[in-house]
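First up is the structure itself, then whatever we jot down about it.
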Amino acid sequence: MDLGLKDACAVVVGGGRGMGLAAAHCFADDGARVALIGRTRDVLDGAAAQLRDRGSPDA
């Protein structure tokens, strides 16, 4: 699905897991630069690695 987010910035609160991570994946797949906010650093680091693998190098 093309949401027209190429090179846009997306900030996802609760982006480490669940619905937030799923939304972050959608944004990254559409070409957005994604910033994650959450409570657990280790979980966020893992989620950011997933997003970098999907084409969001700044995650």
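Residues 458 to 516 (the working numbering) are what the sequence shown spells out, left to right.
By construction, the Cβ of each residue, glycine as well, lies at the ideal position given by its N, Cα and C atoms.
All values derive from a computational prediction rather than experimental measurement.
Practice problem: Could you pull out every residue in the same chain whose Cβ sits closer than 8 Å to the Cβ of HIS482, ignoring the five residues on either side in sequence? | Solution: GLN507, LEU508 and ARG511
(message) Looking at ALA480: is its Cβ nearer than 7 Å to the Cβ of VAL469?
(response) yes
Name the two residues that bound the continuous beta strand (DSSP E) containing LEU508. No beta strand (DSSP E) contains LEU508, which is instead part of the alpha helix (DSSP H) from 498 to 510.
Ends of the alpha helix (DSSP H) at ALA480?
475 to 486
_Using a Cβ-Cβ cutoff of less than 6 Å, which residues in the same chain neighbour LEU501 once the five nearest sequence positions on both sides are dropped?_
GLY473, LEU493 and GLY495
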